[in-house]
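Comments concern the structure below.
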Amino acid sequence: MKYGFIGCGNMGGSIAKALSNSTKDILLADPTEKAAILAQQLGCACADNETVVSTCDCVFLAVKPQVMADVLAPLRPCFEKSKPLVVSMAAGITVEKIESLIGTSLPVIRIMPNTPVAVGAGMILYCHNALVDEAMLEAFLKDAAPCGQWDLLEEALIDAAGVVSGCGPAYMYMFMDALADGAVACGVPKEKALMYAAATMIGAAKMVQNDGRTPVELKNAVCSPGGSTLAGVKVFDDNSFDKIVMDCVKAAYKRNQELGK
């Protein structure tokens, strides 16, 4: 398939970079110079929105939810004529809403990716309408495999689950930086502290994925009675760490719902 991107911001650019490991048949469009810069980096081409829709088999809609309607309105005739597979990554905007904005029946996949797709370690949730057949989906997922892990999820859960996978990296970065700053306060150089924090987060995540124990069980296994880990965990407990994280997720989910209106 020939792939096109309308929008080359952080998320669209990250997916394009990963996808370029499968194919160079990619066409990029963006109102800024981002498309030209990214095209040069990836060894592909750039064009305008109309050309992307008219010539590509699969079109990624990588624009903000707030401007989706304005971007799609002038492209309706192009979509109606070419009928490509459409992939939307706009938070809060349902498959049904995308169909309505395009104004014609098309195969639509809705995805909720995250920026680690740029290094092949993304967690991408997806759902699709009935016009996406098995062969089409198989071909798409094969080409998109370099992005990371893909998981089919019912659309009603996409906005909530996407807060974990889509927004989650920002929260992880905040935690890593704070963890490193704590080490710096104790005398460790920042560069080394960040390396240790990142490697530790990767290792802990792999334990959750592969060990079979729950995060709580794994945490308890690190906490020796009267030890240093338990002293640190007590600080989290005293400051309602669990509640802060849960409130963060709920706030982001509420915003996702607002963006879809």
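The letter at position 174 of the sequence shown is residue 200 when you use the numbering used here, and the numbering goes up by one with no holes.
A virtual CB, placed ideally from N, CA and C, is assigned to each residue, including glycine.
Please state whether DSSP places residue i in a helix, a strand or coil.
i, result
"Asp169", "helix"
"Val121", "helix"
"Asp237", "coil"
"Leu132", "coil"
"Leu157", "coil"
"Met138", "strand"
"Gly33", "coil"
"Gly148", "strand"
"Ser250", "coil"
"Pro112", "A quick correction: the sequence has Val, not Pro, at residue 112. Three-state DSSP puts Val112 in a strand."
What is the rounded straight-line gap between the Cα of residue i and the Cα of residue j?
i, j, result
"Glu164", "Ala170", "10 Å"
"Thr240", "Val234", "7 Å"
"Lys245", "Lys28", "46 Å"
"Pro142", "Ile270", "24 Å"
"Met115", "Pro215", "39 Å"
"Cys104", "Val79", "6 Å"
"Leu98", "Tyr199", "34 Å"
"Glu181", "Val113", "14 Å"
"Glu284", "Lys276", "12 Å"
"Val134", "Ala117", "15 Å"
"Lys218", "Leu205", "12 Å"
"Cys173", "Met94", "24 Å"
"Thr255", "Ala55", "50 Å"
"Met227", "Ser48", "29 Å"
Taking the alpha-carbon of residue i as reference, which of the options has the nearest alpha-carbon?
i, options, result
"Ser46", "Glu180, Lys168 and Cys104", "Lys168"
"Gly148", "Ser266, Asp263, Ala44 and Ser254", "Ala44"
"Leu132", "Cys72, Ala144, Arg102 and Val97", "Arg102"
"Cys153", "Ala144, Gly146, Val145 and Asp177", "Asp177"
"Gly146", "Lys60, Val97, Ser40 and Gly229", "Ser40"
"Gln175", "Gly258, Ala144, Cys34 and Gly129", "Ala144"
"Ala71", "Asp268, Leu87 and Leu53", "Leu53"
"Ser108", "Asp51, Val93 and Val85", "Val85"
"Gly69", "Pro91, Ala42, Gly252 and Val89", "Ala42"
"Asp83", "Leu64, Thr58, Ala62 and Pro110", "Pro110"
"Tyr197", "Gly38, Gln67, Cys274 and Leu64", "Cys274"
"Gly35", "Pro57, Thr120 and Leu220", "Pro57"
Cβ of residue i within 6 Å of any heavy atom in the ligand MG?
i, result
"Ala223", "Although the ligand MG was asked about, the structure shown includes no ligands whatsoever."
| query | For the region 187-194 against the region 130-138, are there 3 or more C-beta pairs whose distance is under 8 Å? | reply | Note that the region 187-194 touches the region 130-138; at least 3 beta-carbon pairs, one per stretch, sit closer than 8 Å.
| task | Enumerate, from N- to C-terminal direction, the unbroken alpha helix (DSSP H) stretches of 4 or more residues contained entirely within the region 252-280. | result | Fully enclosed alpha helix (DSSP H) runs of 4 or longer: 254-264.
| Completely contained alpha helix (DSSP H) runs for the region 47-84, where each covers 4 or more residues | 60-68 and 75-81, all fully within the region 47-84.
| task | Jot down the residue ranges of each uninterrupted alpha helix (DSSP H) in the region 156-230, minimum 4 residues, whole runs only, in chain order. | result | 160-169, 184-188 and 194-211, all fully within the region 156-230.
| query | At a cut of 8 Å, does the region 31-38 reach the region 155-164 through at least three beta carbon pairs? | reply | Output reads no: the region 155-164 does not touch the region 31-38.
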